[in-house]
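Residue numbers (this note's numbering), protein chains in the order written: chain G, 1 to 200; chain F, 201 to 690. We put the beta carbon where it would ideally sit given N, CA and C, even for glycine. First the structure, in the form of structure tokens, and then the observations on it.
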Amino acid sequence: MKSIINIIQNLRSIVRPPQQWRIPVFILTGILIGLGFLTLYVGNATSYLSDDPRACMNCHVMAPQFATWERGSHARVAVCNDCHVPHDNIISKFVFKAMDGTRHSFMFTFRLEPQVIHIKQAGLNVVQENCKRCHEQLVDKVAIKNVTGENTKHGEGRLCWECHRETPHGRVNSLSSVPYARVSILSSITPEWMKKYLKE
Amino acid sequence: MKIVDIIEKKPWVAWVLFGGTAVLVFLVGWLGASIVERRNEAALQYRLVKPIAEWEPRNEVWGENFPREFETYRSTIDTSHESKYGGSKMRDLLEEDAMNVVLFAGYAFSRDYNQARGHYYAINDIRNTLRTAVPQPATCWSCKSTDVPRLMNQMGPANFYKGSWDSLGHEVVNNIGCQDCHDPKSMNLRITRPALAEAWARQGKDITKATHQEMRSLVCAQCHVEYYFKGKVEKYLTFPWDKGFSADSMEAYYEEVGHVDFVHTLSKTPIVKAQHPDYELYRTGIHAERGVSCADCHMPYKNEGSVKFTNHKIASPLENISGSCQVCHRESEEILIKNVNDRQDKVMEVKLLAEKALVAVHIEAKAAYDAGADSTELIPALKLIRSAQWRWDWVSSANGVGFHSPLEAIRVLSTSIQRAEEARRFITQILMKHGVRKPIPFPDLSTKAKAQAFIGLDMKKLEAEKSEWKKKILPVWDAKAKERQGGMNY
Chain G
1 MKSIINIIQN
11 LRSIVRPPQQ
21 WRIPVFILTG
31 ILIGLGFLTL
41 YVGNATSYLS
51 DDPRACMNCH
61 VMAPQFATWE
71 RGSHARVAVC
81 NDCHVPHDNI
91 ISKFVFKAMD
101 GTRHSFMFTF
111 RLEPQVIHIK
121 QAGLNVVQEN
131 CKRCHEQLVD
141 KVAIKNVTGE
151 NTKHGEGRLC
161 WECHRETPHG
171 RVNSLSSVPY
181 ARVSILSSIT
191 PEWMKKYLKE
Chain F
201 MKIVDIIEKK
211 PWVAWVLFGG
221 TAVLVFLVGW
231 LGASIVERRN
241 EAALQYRLVK
251 PIAEWEPRNE
261 VWGENFPREF
271 ETYRSTIDTS
281 HESKYGGSKM
291 RDLLEEDAMN
301 VVLFAGYAFS
311 RDYNQARGHY
321 YAINDIRNTL
331 RTAVPQPATC
341 WSCKSTDVPR
351 LMNQMGPANF
361 YKGSWDSLGH
371 EVVNNIGCQD
381 CHDPKSMNLR
391 ITRPALAEAW
401 ARQGKDITKA
411 THQEMRSLVC
421 AQCHVEYYFK
431 GKVEKYLTFP
441 WDKGFSADSM
451 EAYYEEVGHV
461 DFVHTLSKTP
471 IVKAQHPDYE
481 LYRTGIHAER
491 GVSCADCHMP
501 YKNEGSVKFT
511 NHKIASPLEN
521 ISGSCQVCHR
531 ESEEILIKNV
541 NDRQDKVMEV
551 KLLAEKALVA
561 VHIEAKAAYD
571 AGADSTELIP
581 ALKLIRSAQW
591 RWDWVSSANG
601 VGFHSPLEAI
611 RVLSTSIQRA
621 EEARRFITQI
631 LMKHGVRKPI
641 PFPDLSTKAK
651 AQAFIGLDMK
661 KLEAEKSEWK
671 KKILPVWDAK
681 AKERQGGMNY
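Listed below in structure tokens is the structure:
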């Protein structure tokens with residue numbers, strides 16, 4: 001106990017700004033944290049903790065996937081996370097979300113998204129498991145219930161969507177495949193009341 | 201400080217211990233119950249109501265455990281569906297295209313040649329066809345019955361093949377069914393016909409290592425393939441795949457082993473008969489390239505209530521477009537039927553051209569003999585005719601009128617036409633040499649009867665003989681079979 005208190009006190013003495021710098025440091029720290037909160041607000045950070053499909057629409061490049069899902073067979077029974085995020089336990093769910101989301105943020109920030117977004121092997125494995133999760137009773141009696149993303153690599157079976165190709169994102173796969181679809185897009189970050197005020 | 205002392209001072213500690221233990225026991229018990237539940241799940245997962253014996257040939261016995269699969273299998277008895285070129289009806293191919301009669305002159309196929317119907321008719325149809333009125337080896341039974349693996353296990357494949365077809369008639373009575381493709385303990389797909397395993401082994405591949413998706417085609421490839429009976433005495437069922445799966449490589453193989461199925465009565469050509477190279481043709485097509493197996497189209501999944509199972513009514517996908525094609529191809533039924541028929545029409549068009557050329561060349565060869573040519577003069581032509589007829593038959597005998605791979609089918613047919621025409625040019629020279637200067641007339645082959653009369657077949661006699669035989673022999677076979685396996689009362 002005493003050694004831990006010692007370490008904390010040592011750190012404090014290292015980090016503590018000299019007397020005349022205290023106020024500026026407080027102000028700068030405040031600005032930094034404020035900007036941090038702004039980033040979180042602008043980036044809709046809290047939405048990522050939920051399963052709301054509109055969270056995925058934070059990146060507008062996902063519009064084709066959103067539109068095809070919303071107008072397809074799975075719209076009323078599944079949201080993005082029901083298929084694309086593992087549901088075996090809560091830890092794997094959030095770890096996968098974090099890894100996936102980080103990669104997506106990176107690609108979106110640096111404008112690296114390809115014209116045709118292809119799912120990666122890890123994501124593919126997850127989707128296949130989730131197909132079986134919801135349709136478990138349906139495929140219980142046939143060998144396809146043993147098909148996983150891994151063993152299809154060795155030809156041990158076919159992924160669900162190799163036959164059911166339209167489900168749920170249709171067969172045309174491109175950033176520009178739904179040019180006229182109305183999808184939920186991010187609204188302006190200026191709140192309504194402020195807009196009205198600024199107009200005057 | 202003992203617990204007893206603590207409790208004396210603070211009695212509530214005892215209550216905490218009591219409550220805590222109760223909660224703990226509850227949780228542990230809950231966990232135990234969950235474990236037992238999951239273990240039961242595993243045991244109940246796969247339990248045969250009535251265990252199936254190792255070589256059980258009776259499909260009804262398997263059906264007691266798998267009623268859905270059995271019922272759909274048995275519905276192959278339905279012959280109502282007719283597509284433009286196929287379907288589940290029995291179609292007399294000699295009536296539909298009498299040129300076949302002339303092309304098989306000297307072989308049993310000129311007497312009787314039908315488009316096969318469902319697996320449930322396998323035994324019935326092989327007994328009834330005029331082709332078995334001619335002496336045949338027991339090898340012919342190989343692809344017709346679940347009794348075959350049973351008998352091969354008893355006597356070994358070599359001994360099975362050696363006997364005569366008639367000698368095993370009372371033993372082979374159950375139709376193509378469950379045993380041919382499934383293991384009775386685990387229901388896994390398995391290969392029961394040695395010919396396929398041996399052909400694989402000769403190519404250096406181990407068929408037991410095939411993936412599940414490959415097996416969904418390989419169990420069909422046990423029978424829906426080109427084959428021949430190797431050895432005059434052995435009659436050993438062999439697949440000619442040593443050099444490859446194409447019509448060209450099979451032809452090279454046959455040249456090497458010098459195989460002849462029959463000698464054509466008109467042209468005296470040593471002919472190789474091709475038998476339904478469905479698997480080999482399918483392999484060259486786009487569906488195979490995309491990883492679609494035989495079962496994916498011909499035994500698609502079917503939904504009953506909320507359970508999926510494999511539809512064992514093996515039939516034309518055109519009979520079940522919504523379950524078969526439309527799973528992947530979302531066009532309307534009319535469009536899909538049109539897509540299939542368009543491709544078949546084109547293959548049929550080229551196939552008929554090949555047949556016309558082949559009939560003409562056989563007849564012209566005969567005319568050359570009649571004009572005094574001896575067989576040595578015609579040897580180069582006979583080589584071409586043999587090759588041409590092989591290539592035509594390779595496509596003609598395949599099911600589906602080339603739909604499994606229209607491009608390859610038409611390519612092979614075009615090589616057939618070229619060779620037949622080249623042979624005709626050669627024979628024209630011979631005819632000129634022997635003083636025949638007018639073209640040889642093409643006979644009237646508008647009906648099967650006319651064509652069979654043309655090649656000198658006495659169909660009335662053949663049919664009467666078969667009818668006699670059926671009345672005499674079939675009841676004996678059936679009685680012996682009933683003695684051995686009874687009905688379902690066991």
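Secondary structure at F:Tyr436: strand, using DSSP grouped into helix, strand and coil. Counting of Cβ neighbours within 10 angstroms places F:Met415 among the buried residues, the total reaching 16 or more. Residue burial annotation: F:Ser522 is exposed, with fewer than 16 other C-beta atoms found within 10 angstroms of its C-beta.
With 16 or more other Cβ atoms inside 10 Å of its own Cβ, G:Ile144 counts as buried. F:Ala401 and F:Leu582 have their C-alpha atoms spaced approximately 34 Å apart. In the DSSP secondary-structure assignment, F:Leu389 is bridged to F:His382. In its chain, beyond the 5 residues on either side, Pro337, Ala338, Val433, Glu434, Lys435 have a beta carbon closer than 8 Å to the beta carbon of F:Lys362. In the three-state DSSP reduction, G:Val15 falls in the helix class (H, G or I).
For F:Thr510, the enclosing beta strand (DSSP E) stretches over residues 507-510. The C-beta of F:Phe270 comes no closer than 8 Å to any C-beta of chain G. Neighbours of F:Gln413 across chain G, judged by C-beta separation under 9 Å: Thr152, Gly155, Glu156, Gly157, Arg158. In the three-state scheme derived from DSSP, where H, G and I count as helix and E and B as strand, F:Pro675 is classed as helix.
Here G:Thr46 is exposed: its Cβ has fewer than 16 other Cβ atoms, across all protein chains shown, within 10 Å. For G:His118, not one C-beta of chain F is nearer than 8 Å to its own C-beta. Taken in chain order, the members of the stretch 478-501 of chain F whose beta-carbon sits within less than 9 Å of a beta-carbon on chain G are Arg490, Gly491, Val492, Ser493, Asp496, Pro500, Tyr501. G:Val142 sits in coil when the DSSP states are folded into three classes, being neither helix nor strand. Relative to F:Glu282, the option among F:Tyr479, F:Ala515, F:Ala399 whose CA is nearest is F:Ala515. Shown here, F:Pro470 sits in a strand according to DSSP, grouped into three states. The beta carbons of F:Ala395 and F:Tyr427 sit about 7 Å from each other, so the pair counts as a contact at 8 Å. By the neighbour-count criterion, in which a residue is buried when 16 or more other Cβ atoms sit within 10 angstroms of its Cβ, G:Phe66 is buried.
Between F:Ile627 and F:Leu578, the beta carbon gap of about 7 Å places them in contact (Cβ cut-off 8 Å). Per DSSP, F:Lys583 is one residue of the alpha helix (DSSP H) stretching across 579-596. Within the same chain, His281 come within 6 Å of F:Glu519 by CB-CB distance, once the 5 residues on both sides are set aside.
For F:Glu480, the secondary structure class from DSSP, reduced to helix, strand or coil, is helix. Within the stretch 66-90 of chain G, not a single complete beta strand (DSSP E) segment reaches 3 residues in length. Taking every protein chain shown into account, the CB of F:Thr392 has 16 or more other CB atoms within 10 angstroms, so this residue is buried. For G:Glu166, at least one C-beta of chain F is nearer than 8 Å to its own C-beta. Not one beta carbon of chain G lies nearer than 8 Å to the beta carbon of F:Ser467. Between the stretch 254-273 of chain F and the stretch 373-385 of chain F, the count of C-beta pairs closer than 8 Å reaches three or more; the two stretches touch. Where F:Tyr428 is concerned, the enclosing beta strand (DSSP E) starts and stops at 428-430.
In the same chain as G:Cys56, and ignoring 5 residues on each side of it, the C-beta atoms closer than 8 Å to its own belong to Met62, Gln65, Phe66, Cys80, in chain order.
Of all residues in the stretch 261-287 of chain F, none comes within less than 7 Å of chain G when Cβ atoms are compared.
Non-local beta-carbon contacts of F:Ile640 in its own chain, meaning distances under 8 Å to residues more than five positions away in sequence, involve Ala560, Ile563, Glu564, Ala567, Leu631 in chain order. Boundaries of the alpha helix (DSSP H) around G:Lys196: 192-199.
Per DSSP, the continuous alpha helix (DSSP H) segment holding F:Asn300 begins and ends at 299-303. Remark: C-beta atoms of F:Leu584 and F:Arg543 do not approach each other more closely than 8 Å.
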